[in-house]
Every structure is written in C-alpha cells, then in structure tokens.
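Same order as they appear, the protein sequences are chains A and B.
The opening residue of the first sequence carries number -5 in my numbering; numbering runs sequentially from there.
The opening residue of the second sequence carries number 37 in my numbering; numbering runs sequentially from there.
All residues carry an ideal CB built from backbone N, CA and C; glycine is no exception.
Some notes on the structure that comes next.
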Amino acid sequence: MIEVSGLHKSFGRNTVLKGIDLVLPAGNVTAVLGPNGSGKTTLLKSILGMVLPDKGDIRVLGRSIHHQWEYRQAIGYLPQIARFPENLTVQELIRMVMDLRRQRADEGPLLALFDLEHFLKKRLRYLSGGTRQKINVMLAFLFDHQIMILDEPTAGLDPLAVLHLKELIRNERQKGKTICLTTHILPLVDDIADRVVYLLEGNVYFEGTIGQLKEKYKGGNTESAIGRMLQPEKYD
Amino acid sequence: MIKILKYSFFDLIRSKWSLIYFLFYLAVTFGLLYMSSDSSKAFLSLSNIVLLITPLTGTLFGALYYYNSKEFNELLLALPIRRSAIFIGRYLGLSLSLSLSFLAGVCIPFLFYGFQKAIGPGGFALFLMTGVMLTLIFSAISFLIALKNDNTIKGFGICLLVWLFLSILFDGIFLILLVYFERYPLDKLALALTLLNPIDLSRIIMTLQMDISALLGYTGAVFRRFFGSASGIIYASLALMFWIAVPVWLILIISRRKDF
Chain A
-5 MIEVSGLHKS
5 FGRNTVLKGI
15 DLVLPAGNVT
25 AVLGPNGSGK
35 TTLLKSILGM
45 VLPDKGDIRV
55 LGRSIHHQWE
65 YRQAIGYLPQ
75 IARFPENLTV
85 QELIRMVMDL
95 RRQRADEGPL
105 LALFDLEHFL
115 KKRLRYLSGG
125 TRQKINVMLA
135 FLFDHQIMIL
145 DEPTAGLDPL
155 AVLHLKELIR
165 NERQKGKTIC
175 LTTHILPLVD
185 DIADRVVYLL
195 EGNVYFEGTI
205 GQLKEKYKGG
215 NTESAIGRML
225 QPEKYD
Chain B
37 MIKILKYSFF
47 DLIRSKWSLI
57 YFLFYLAVTF
67 GLLYMSSDSS
77 KAFLSLSNIV
87 LLITPLTGTL
97 FGALYYYNSK
107 EFNELLLALP
117 IRRSAIFIGR
127 YLGLSLSLSL
137 SFLAGVCIPF
147 LFYGFQKAIG
157 PGGFALFLMT
167 GVMLTLIFSA
177 ISFLIALKND
187 NTIKGFGICL
197 LVWLFLSILF
207 DGIFLILLVY
217 FERYPLDKLA
227 LALTLLNPID
237 LSRIIMTLQM
247 DISALLGYTG
257 AVFRRFFGSA
267 SGIIYASLAL
277 MFWIAVPVWL
287 ILIISRRKDF
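In structure tokens, the structure reads:
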C-alpha cells in the first residue's frame, strides 16, 4: 500500500503538484491518468524517491520514505524510456540488476515469454527500441516485489508483448500486490485497472474505482466517462 | 558503490572511445620515442601533450558520459541504492577507465624503449601519477557541471569554457598581472594563483622532477625557491588532491538534493 498526503512539488516557477492526497491499496491496479504535464510522472518519481517533494509525506508499506532508500527493495519500476549501459550484454545487465538489488531470480520464464533468449549475448547498443523495452519489462517483473510502478508500460511494445504484459500485471494483482501505472491508452485501463486517479493541473480531479467513474459520469467505458468528466457540455 | 563502479568501468572500457584514447597515447608515445634522439626532449613533448589532452578528454568524456546515461541513472535511482553510491561509483568508473587507457598507452612504449637516463623510474611514476590526477580532476569537474545542468548544450559549453580557461586563458591573465604589477613583490600572489589552476600545478610537478630550470617558468621557479624541488612536488600534489576532493564533494551534495 502507498499513502500520499499533502504532496507539493514545484520545479522553479512551475508548480507541478499542488497538494496530492491519495491511497493506492494493495491487490489493486490503479491507473494514474491525466493530460500531459498534469504531474503523473512527477508523482511516480516522488514515490520512487527520484523527485524530492517540497511538502507532504509519502508512506510505502506503512513507513515514511523521507531520506530513505532501503524501501525501494520492495518496488519494481518500469521507466518510460529504456536506456542501458550500451556495451554490456543482456545477460550482464540481468546479472548486474540482480547484483545491485542483492536478489536472485530465475529470468528463464520471462526471457521465454518475450522471446528474448537469443539476445542474451548481444550488446544492448545493437538492440532495437522495442527489444529494449521488452528487456525493461522483464527486469521490472523479474523479482517478487510488493509494489509495481509502471510508467507508460505499453509504449513501444508489439501487440503480442502487450498481451503478455497484461497477463503479467493480472498475475501480480492476484498475488495481492500494489500496482500503479500511467497510460494514455484508455482501453488498457478498462482492461486491467481496478481504480482510476485522474490528475489535472497538479490536483486529484477524480479518485475511485472504474465502476464509480462510469457511474458518476455516465460513460459506457472509461474513455467516454472521462470525456464527459472533462467536457460535459460536448458529450451531453 | 563498488558494484556500480565495477559495471560502469566494464561498460566504458569496452567502448570504442576508450580504445581510441588508448591508441592515441600509444601512437604519440611510440612516435616521440622513436623519432627523437634525445629522450629528455621526447619526454618533455609528451608532458606537454599530456597537459593539454588529458584535461580535455576528462572534460569531454565526463559530460558525454553523464548525458549519455541519463536514463540509465533513472533506472539505478529506482533501485535500493544510496544516491551517493550511484554517482561516486559512476564517476570513479569513468575516471578509472580513462586513467587505464592513458596508463596503458604511455607505459607500453616505455616498456619497449626503457626509462632512459632523462627521467628514471621514480620520475616516470610521478609523471604517470600527475596524468591520472588530471584525469580524475577534469572528469570530476565536468561530471559535476553535467549533473548541475540538465541542458546538454549549456553543460557542454560550460565544460569547454572551464577547460579553455584553465589550460589557455589562465596563463595569459597570469602574465598580464605579472607585467602590470611588476613593481610589486609578486611571489606570494603567483603562488596563490598557481594553486588555483590544476594544469599549472601539474606542469610544475613535471618540470620540477625533470629538473630543467629553463622550462620551469616563473611560477615553477617561485615554487622551487619557496619549497625546494622535493617539497615543491609534495605541496603541488597535495593541492591537486584538493582539486579532486572539492568537485567530488560537490557531486555528493548536488546529487543528494537533485530531482531526477
């Protein structure tokens, strides 16, 4: 579980988060939605400790993360863009992440799932963007993390890999994990998310289950519900 | 930190730029030793090249490496590792791989030709140490500048300006000051100014140990008069260590407060 309270963050004169209060419960997939620049990535990066909040508190698994780093042992993160040390091979990268996390895991099933076995000995600089993204996904799901943070997880993946990814996310939810993702692809939200957080100009505009969202804004799916939420005059 | 260092080092040592840098020093050193009959002259030319090129490569590689691996930094920052371990580890990985290219490139030709009478093993070791220190200093400075500036063009610009200032402009300004205030006793001012420039300090270390008075220059002469050759080298080396410590300390402070 992740609890965010009164989170403020500005970059220079640009105020990105204006007092965010949120709870991301365990055993749920929460989709953080919002237009570009609404603060989604800043929120995720604050949870990861990459962005340091100006005000407010974030608690991961019940403990405040202020000036902490050990808590990241419990978090798996899938960044938006996958870039790795160019001259390492895929195998060396996997060993490196295990080594740095001080955790062992069996990469075999995930390598097979994403058809990555024959890339193991290749240097990362020679791999295509899509293949790197698959490796990125594999690294995020390799360990048994309590919390998964996925920033635009489907970006750059081929349709089959997206199917596998959704399967992985569902499996993790079944295990009772806290999963938080950002995306602009609303059908994906309908497909796998339980809850929606809609950020607008640094505030939480809506927070609740998908059912509550559809009911409140009378949409058949997430897409139309959000359309009605943002531009009621146009969709009524 | 050791683990980050290890992986950064292995990544970099396999890049083609490390190889090019190594081959550059190999070719230059072989060429100088082969072509000049007087080994002390060859060594002197090599010193001048090291004083110019080592800071420049440290500067360029430091910034290039940081900007090139920004997204990878993000991946590391999301792992359960201290920020200080990430950035110091990466900096050390970079400066050690550069140092290794430099050391191997210079040492291999000397193994073929022997040390010869001009320097001797002690002097040669000191020369190598100075080159490594310059690498450590300038890669720290440019790493720091890149860390502070997210804008790549601006970061590179500042890095190059710092290099240009310390390796070329500084001497000119120094000379103007000396000429302008020639009626006053300037020894202490000159000494203080020298401490402000790591390239000057390195030059002094190299010329003091070769004991070629004609090439000491004004600051070198002041250094020798003040400290004598041996302790002059020690004081200059201490000042160089200070030049490593300060940027590394600033890297620590800035990385702790920065948003990524």
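(message) On the DSSP bridge list, what partners appear for residue 240 of chain A?
(response) There is simply no residue 240 of chain A to check, as chain A begins at -5 and stops at 230 in what is shown.
(message) Would residue 194 of chain B and residue 181 of chain B qualify as a contact pair, given that the criterion is a beta-carbon distance under 8 angstroms?
(response) Against a cut-off of 8 angstroms, the Cβ pair of residue 181 of chain B and residue 194 of chain B comes out as a contact.
(message) As a quick exercise: from B:107, B:77, B:129 and B:72, pick the residue whose alpha carbon is nearest that of residue 97 of chain B.
(response) Closest option to residue 97 of chain B, Cα to Cα, is B:129.
(message) Can you tell me which residues form a DSSP beta bridge with residue -3 of chain A?
(response) Paired residue(s): A:17 and A:53.
(message) To test your reading of the DSSP string, which unbroken beta strand (DSSP E) runs of 3 or more residues are found completely within the region 73 to 97 of chain A?
(response) With a minimum length of 3 residues, no continuous beta strand (DSSP E) run stays inside the region 73 to 97 of chain A.
(message) Below 8 angstroms on C-beta distance, what does residue 45 of chain A contact in chain B?
(response) Within chain B, the residues near residue 45 of chain A are 295 and 296.
(message) According to DSSP, is residue 45 of chain A part of a helix, a strand, or is it coil?
(response) Residue state, collapsed to three classes: coil.
(message) Can you check which of these residues, B:238, B:52 and B:40, is closest to residue 169 of chain B by C-alpha distance?
(response) Of the candidates B:238, B:52 and B:40, B:238 places its Cα closest to the Cα of residue 169 of chain B.
(message) Against chain A, does residue 267 of chain B count as a neighbour if the rule is that its beta carbon must be under 8 angstroms from one of theirs?
(response) At a cut-off of 8 angstroms, the C-beta of residue 267 of chain B has no neighbouring C-beta in chain A.
(message) Considering just the uninterrupted stretch of the beta strand (DSSP E) at residue 24 of chain A, what are its terminal residues?
(response) Residues 22 to 27.
(request) Measure the C-alpha to C-alpha separation of residue 234 of chain B and residue 68 of chain B and round it to an integer number of angstroms. (result) Residue 234 of chain B and residue 68 of chain B: Cα-Cα distance of roughly 25 angstroms.
(message) Am I right that residue 176 of chain A and residue 35 of chain A are in contact with their C-beta atoms under 8 angstroms? What's the rounded C-beta distance?
(response) Confirmed, about 7 angstroms.
(message) For residue 167 of chain B and residue 265 of chain B, what's the separation of their Cα atoms in angstroms?
(response) A direct Cα-to-Cα measurement between residue 167 of chain B and residue 265 of chain B gives close to 19 angstroms.
(message) For residue 277 of chain B, count the other beta carbons within 10 Å of its own beta carbon; 16 or more makes it buried, fewer makes it exposed. Which is it?
(response) Classification of residue 277 of chain B: exposed, given that the 10 Å Cβ count is below 16.
(message) Contact between the region 2 to 17 of chain A and the region 32 to 50 of chain A is defined here as three or more beta-carbon pairs at a separation below 8 angstroms; is this criterion met?
(response) When Cβ pairs closer than 8 angstroms are counted between the two stretches, the region 2 to 17 of chain A is seen to touch the region 32 to 50 of chain A, the count reaching three or more.
(request) Count the other C-beta atoms from every protein chain shown that fall within 10 angstroms of the C-beta of residue 73 of chain A, then say buried if there are 16 or more, exposed otherwise. (result) With 16 or more other Cβ atoms within 10 Å, it is buried.
(request) Would you check if the region 0 to 8 of chain A and the region 141 to 158 of chain A touch, i.e. whether three or more CB-CB distances between them fall below 8 angstroms? (result) Too few Cβ pairs lie closer than 8 angstroms, so no.
(request) Find the residues of chain A that neighbour residue 91 of chain B, judging by a C-beta separation of less than 8 angstroms, and give them in chain order. (result) Chain A residues near residue 91 of chain B: none, gap ~25 angstroms exceeds 8 angstroms.
(request) State yes or no: is the beta carbon of residue 67 of chain A nearer than 8 angstroms to at least one beta carbon in chain B? (result) Output row for residue 67 of chain A: interface = yes.
(request) Would you kindly work out how many angstroms separate the C-alpha atoms of residue 157 of chain A and residue 129 of chain A, rounded to a whole number? (result) Cα to Cα, the separation comes out at about 15 angstroms.
(message) Rounding to the nearest angstrom, what Cα-Cα distance links residue 144 of chain A and residue 174 of chain A in this structure?
(response) Cα to Cα, the separation comes out at about 6 angstroms.
(request) Kindly indicate if chain B contains any beta-carbon less than 8 angstroms away from that of residue 8 of chain A. (result) By the rule that beta-carbons nearer than 8 angstroms mark a contact, residue 8 of chain A does not touch chain B.
(message) Which residues of the region 39 to 50 of chain B have a Cβ closer than 9 angstroms to any Cβ of chain A? Give them in chain order.
(response) Flagged, chain order: 39, 40, 42, 43, 44, 46, 47, 48, 49 and 50.
(request) Check whether the Cβ of residue 105 of chain B lies closer than 8 angstroms to any Cβ atom in chain A. (result) Chain A, which has a Cβ nearer than 8 angstroms to the Cβ of residue 105 of chain B, makes this yes.
(message) Quick check: the region 131 to 145 of chain B against the region 119 to 139 of chain A, are at least 3 beta-carbon pairs closer than 8 angstroms?
(response) Too few Cβ pairs lie closer than 8 angstroms, so no.
(request) Note down, in chain order, every chain A residue with its Cβ under 8 angstroms from the Cβ of residue 176 of chain B. (result) Proximity of chain A to residue 176 of chain B at the Cβ level (cut-off 8 angstroms) is not reached, the minimal Cβ distance being about 20 angstroms.
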